[in-house]
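Numbering (the working numbering), first residue to last: 35 to 191. Right, one structure below, let's go through it.
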């Protein structure tokens with residue numbers, strides 16, 4: 035059985051529910067039984083890295099499209115006069131965190147690095163819908179078979 039906690043003050047601290055489950059599990063082990071214990075540092079899942087890549091590509095596509103149309107920050111800020119300042123990835127990212135906010139369990143607004151998979155997918159959906167409905171920028175669903183298609187395309191060339 036795996037128990038996940040955090041290192042705090044040089045000690046491994048478990049949430050109360052996990053600590054109780056750990057005590058129950060420990061009591062259920064018969065005396066004299068061999069027990070294996072291991073320690074590992076939690077790493078960011080590959081899926082989170084994939085989500086970051088999808089987000090980066092979505093923002094890059096939107097920035098390119100807005101630049102091709104000749105829009106500057108006056109378009110996002112809805113001001114009557116052009117500003118002459120190009121829309122960049124950071125500005126657009128911050129804009130979408132405000133327009134399509136996601137909140138954690140405590141009610142605090144969070145960014146992609148703090149989102150779980152479900153929250154990130156909802157955020158992506160909200161941003162895609164906003165891009166399509168408000169700015170007529172269509173961002174296709176991420177293609178899970180992109181690598182095979184790329185390889186096939188290269189083989190056919």
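All C-beta atoms, glycine included, are put in the ideal place defined by N, C-alpha and C. None of the values given here were measured: they were computed from a predicted structure.
For residue i and residue j, what's the separation of their Cα atoms in angstroms?
i: residue 159; j: residue 46; result: 37 Å
i: residue 171; j: residue 72; result: 49 Å
i: residue 54; j: residue 36; result: 13 Å
i: residue 183; j: residue 75; result: 36 Å
i: residue 40; j: residue 191; result: 52 Å
i: residue 189; j: residue 176; result: 22 Å
i: residue 57; j: residue 48; result: 11 Å
i: residue 87; j: residue 153; result: 16 Å
i: residue 50; j: residue 59; result: 14 Å
i: residue 161; j: residue 185; result: 30 Å
i: residue 70; j: residue 123; result: 48 Å
i: residue 132; j: residue 84; result: 23 Å
In its own chain, which residues sit with a C-beta less than 8 Å from the C-beta of residue i, not counting the 5 before and 5 after it?
i: residue 96; result: 126, 165, 169, 171, 173
i: residue 156; result: 136
i: residue 109; result: 100, 121
Locate the alpha helix (DSSP H) running through residue i, then write down its first and last residues.
i: residue 108; result: 107–111
i: residue 269; result: Nothing can be reported for residue 269, as the shown portion of the chain is limited to 35 through 191.
i: residue 76; result: Note, residue 76: premise wrong, no alpha helix (DSSP H); not H, not E.
i: residue 56; result: 50–62
Which residues does DSSP pair with residue i in a beta bridge?
i: residue 42; result: 45
i: residue 119; result: DSSP output for residue 119 lists no bridge partner at all.
i: residue 137; result: 143
Excluding the 5 residues preceding and the 5 following residue i in the sequence, name in chain order all residues of the same chain whose CB lies nearer than 6 Å to its CB.
i: residue 100; result: 121
i: residue 140; result: none
Would the region 58–67 count as touching the region 86–102 if we require 3 or more Cβ pairs under 8 Å?
Contact between the region 58–67 and the region 86–102 is absent, because fewer than three Cβ pairs lie under 8 Å.
Would you check if the region 132–146 and the region 116–124 touch, i.e. whether three or more CB-CB distances between them fall below 8 Å?
Touching, no, given that fewer than three Cβ pairs across the two stretches are closer than 8 Å.
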